[in-house]
DNA sequence: ATTTAATATCGCAATATTACGATATTAAAT
DNA sequence: ATTTAATATCGTAATATTGCGATATTAAAT
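This is the structure we're talking about:
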């Protein structure tokens with residue numbers, strides 16, 4: 021066990037969950053906020069600012085890149101990371117769609 | 021290792037990440053969607069509908085209850101679960117605030 | 001009182017995640 | 001050509017999560 025049974029869920033549920041999951045770590049939230057404030061940054065900036073090892077930051081950046089929410093451009097010997105605005109808004113939209121499924125609830129219990 | 025270093029992040033970052041994290045599993049997304057569609061449900065309904073064991077569903081319900089996004093009311097020998105609308109909207113709001121931090125980005129790289 | 005039904009909790013095995021040191025890789029600087 | 005700097009990747013240890021069977025617990029039904 022320990023294996024999430026993705027087969028039994030819809031693609032939509034799996035996709036949505038995997039987006040939430042990537043944002044479900046404070047280091048990745050901190051990275052995104054830093055990139056937003058600075059407009060862009062390189063990996064080493066983050067190593068200095070957050071107190072995590074270079075290998076760890078690099079790994080988190082990779083996960084963020086995987087869902088497309090950030091983009092990295094090689095610039096000499098460093099890589100410039102910035103927000104991929106289109107994907108950013110797309111994800112925000114997806115989340116809002118999820119939260120706006122008719123909650124016609126009312127206090128039923 | 022394997023221990024998230026929460027001390028080095030702000031409370032806001034930790035709180036936000038932990039909310040995302042709870043939504044970062046397809047079973048919990050599926051549970052929320054089912055509750056919304058049915059307006060309410062009991063644990064056994066979910067066991068029947070999703071293909072997971074009772075112990076597993078109960079565990080997921082507990083995590084959802086922990087962040088306050090659902091509420092459980094004892095009703096005879098079963099427990100009626102429903103969406104806690106207030107918290108639901110609060111979380112949606114928090115997420116939107118996160119996504120609306122000035123993304124004045126523009127393609128910088 | 002006993003049985004039945006619904007749920008919660010415990011304990012455990014399998015897998016995943018987090019973090020980091022060590023080691024590539026690559027490009028600029030000397 | 002060598003050195004320096006920035007990043008990525010590999011391997012590994014520590015911890016967390018997922019899932020489930022077994023076992024409580026609790027309340028209704030018989």
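Protein chains in written order, with our numbering: chain A, 21 to 129; chain B, 21 to 129.
By construction, the Cβ of each residue, glycine as well, lies at the ideal position given by its N, Cα and C atoms.
Keep in mind that this is a model prediction, so the values were computed, not measured.
Check                                                                                               : Outcome
Interface flag, residue 89 of chain B vs chain A, CB-CB below 8 angstroms                           : no
Interfacial residues, the segment 40 to 64 of chain B to chain A, with Cβ spacing under 9 angstroms : 40, 41, 42, 43, 44, 45, 46, 47, 48, 49, 50, 52, 53, 55, 56, 57, 59 and 60
Proximity to residue 94 of chain A [Cα-Cα], best of A:57, A:83 and A:62                             : A:62
Chain-ordered chain B contacts of residue 28 of chain A [CB-CB under 9 angstroms]                   : 46, 47, 50, 70, 71 and 72
Below-8 angstroms beta-carbon distance, residue 79 of chain B vs any chain A residue                : no
Cα-Cα separation, residue 49 of chain A to residue 58 of chain B                                    : 33 angstroms
Start and end residues, alpha helix (DSSP H) containing residue 90 of chain B                       : Counting along the chain, residue 90 of chain B falls outside any alpha helix (DSSP H), though it belongs to the beta strand (DSSP E) covering 90 to 95.
Residue 30 of chain A versus residue 96 of chain A - alpha carbon distance                          : 43 angstroms
Sub-8 angstroms separation of residue 70 of chain B and residue 47 of chain B beta-carbons          : yes
Beta carbon of residue 55 of chain A nearer than 8 angstroms to that of residue 87 of chain A       : no
Pair within 8 angstroms by beta-carbon distance, residue 40 of chain B and residue 40 of chain A    : yes
Cβ of residue 86 of chain A within 8 angstroms of any chain B Cβ                                    : no
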